[in-house]
Amino acid sequence: MPGRKARELCPTIQFVGGHFPEYQRLGDAVIAVLDDFTPLVERVSIDEAFLDVSGSVHLFGPPRRIAVRIRERVSNEIGLRLSIGVARTKHLAKVASQVAKPDGLVVVEPSDEQVFLDPLPVGLIWGVGRVTEERLRQAGIVTIGQLASTASPILEHLLGVVNSAKLVSLAASIDPRRVGTARRSKSVGAQAALGRQLAAPPLVRDTLGFLADRVAGRLRECDQGGRTVTVRVRFPGLRSVTRSITLGAPVSATLSLTELANQLVDSALTDHPDEREITLLAISVSNLCNETPVQLELPLPLRTAGVVDSPSSATGLARRDTDRSVDAIRQKFGRTSVGYAAVLFSNGRRVPDEFRELVEHPTRR
DNA sequence: TCTGGGGTCCTAGGACCC
DNA sequence: TCTGGGGTCCTAGGACCC
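First residue of the first sequence? That's 252 in this note's numbering, and the numbers climb one at a time after it.
Okay, here's the thing in structure tokens:
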């Protein structure tokens, strides 16, 4: 239930804060246990991972035995209850773990795959959400078995060619995905819910400054920049619009990102003059590429052509220096030790930084 | 009835080039 | 000058996942 609704119903309610660093620590501890059983661990989120144990069976016994031991260890050493699904493919394992929840173990033998899947609701398939489930239901398709036996032209009409091909494969237990190491991320973003406020320039400016500070900082942390900047503006009623621009060169400077985001949000607001209030602002940077730090010792050609933060322009150099100093100070003394005033006092910080970090996907260089 | 923050992937239309 | 085909990239929106 939304916090606001809860307060409405119960004005004297006490909200208890989360313990974000603790969640991170426990998640890491569980992963460490998994690492003891196979090097092929693909962490999907803070509390979920795929394991390929095909090379571990001669050490630890069959997959079921491994799953039992993992559950025992996590329970004894960490005190958490773990659900595990064991199967031949990632998708089957995922579905099995869903069925196993909470605190269970479900093993799907290769010979039993269709018997296991067919009676289950289509909503358990990875990639079938509320909308798709409803669309299928209206066509009389409720179970995975029914999906698997539906003629492809019908499904393609309902869901599009690519989606229906994917779903049919999964319904028939065909899933070529391997358990892999972490992939590099394709975008980095941040958002701030504002809870219905007038779209006044100071609010927009301060919020975007805060968000750009986070996003640009994360990009620089892994020596990356992005050519495409996208903003999202959400209006009351969950109506939202996006605006994006793709540049000739990647951005990673805080001020450059802030300026671009402001321009994009301005254009979005101008296009929707009837919307006087906004409920959320977001910035995302994609089209990522490695940005090797400029070696300042080397003489740089002086160019100031239209590129946003060209490392060789005077502005680009100044911003790079500033960002680099800020990053260094923060690394030593913490995020809040230094920053732009408007950002440090912005209302973006209603969400604890620890929570944001918790849900960040690890960014690889 | 609509939390909150971080992501991925697909579709469709249009601009542009050969 | 007009027609037609093929490919790439960009933009906006939406479904879905944790």
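Built from N, CA and C at the ideal position, the CB exists for glycine as well.
Keep in mind the model is a prediction, meaning the values are calculated, not measured.
Between the CA atoms of residue j and residue i - distance to the nearest angstrom
i	j	result
R447	R483	15 Å
F606	V267	14 Å
A390	D354	35 Å
I425	V319	26 Å
R324	S588	41 Å
F584	R456	26 Å
N513	S400	51 Å
G306	K341	16 Å
C540	S503	10 Å
S403	V295	31 Å
C473	E364	42 Å
L462	G380	29 Å
A579	R571	12 Å
A569	R471	15 Å
P452	H523	15 Å
H270	V412	44 Å
R517	R586	Per the sequence shown, the amino acid found at residue 517 is Asp instead of Arg. Cα to Cα, D517 sits roughly 28 Å from R586.
D279	L445	32 Å
G431	T521	45 Å
E259	R601	20 Å
G567	L454	26 Å
R428	A257	42 Å
S334	V359	14 Å
I264	R434	42 Å
G312	V366	25 Å
Member of the options whose CA lies at the smallest distance from the CA of residue i
i	options	result
A422	R429, L459, I376, R465	I376
T505	L531, A593, P487, L454	A593
G488	T394, L531, R469	L531
Y274	C261, R258, G312, G330	G330
L277	S326, P314, R316	S326
V466	A451, Q442, P603	Q442
H612	I297, R388, L508	I297
I282	E328, H408, A257, H270	E328
E608	T573, P272, I264, E259	P272
T573	S507, L511, P603, D604	S507
Neighbourhood of residue i by C-beta distance below 8 Å, restricted to the same chain and skipping five residues each side
i	result
L285	V292, A300, L302, I321
S495	T479, V480, T481, V482, L515
L310	none
I405	A390
V241	The displayed coordinates of the chain run from 252 to 616. Any statement about residue 241 would go beyond what the structure contains.
P550	Any reading at P550 must be qualified, since the residue scores a pLDDT of 40, below 50, and its modelled position is unreliable; the value itself is stated next. Correct list: empty, nothing qualifies.
P501	Q475, G476, G477, R478, N538, L539, C540, E542
L409	R386, L387, A390, S415
Cut-off 6 Å between Cβ atoms - residues of its own chain near residue i, not counting five sequence neighbours on either side
i	result
G202	Residue 202 lies beyond the stretch modelled for the chain, which goes from 252 to 616, so this question has no answer here.
S420	none
V492	V484, A519
V304	T289, P314, I317
L511	V480
For residue i, three-class secondary structure by DSSP
i	result
Q448	strand
P262	coil
V319	helix
P501	strand
A533	strand
I297	coil
R471	helix
V480	strand
I395	helix
E611	coil
E528	strand
P372	strand
A593	helix
G336	strand
Cβ-heavy atom distance, residue i to the ligand GDP, below 6 Å
i	result
R386	As presented, the structure is devoid of all ligands, the ligand GDP included, so that no description of it is given.
Integer-rounded CB distance, given that residue j should sit under 8 Å from residue i
i	j	result
E526	Q475	Not confirmed; about 33 Å, so no contact.
V536	S438	6 Å
I248	R485	Here the chain has residues from 252 to 616 only, and residue 248 is not among them.
L368	I395	5 Å
G590	V610	That belief does not hold up - the Cβ atoms of G590 and V610 are roughly 22 Å apart, past 8 Å.
T361	R339	Checking the sequence, you will find Pro at residue 361 rather than Thr. Sure, about 5 Å apart at Cβ, within 8 Å.
Chain-order list of residues whose beta-carbon lies under 7 Å from that of residue i (same chain, five-residue window excluded)
i	result
L449	R527, E528
T509	L459, G460, A463
V373	V379, E384, L387, I392, V393, T394, I395, L398
R490	none
R581	S588, V589
K417	G378
P370	T394, G396
R255	none
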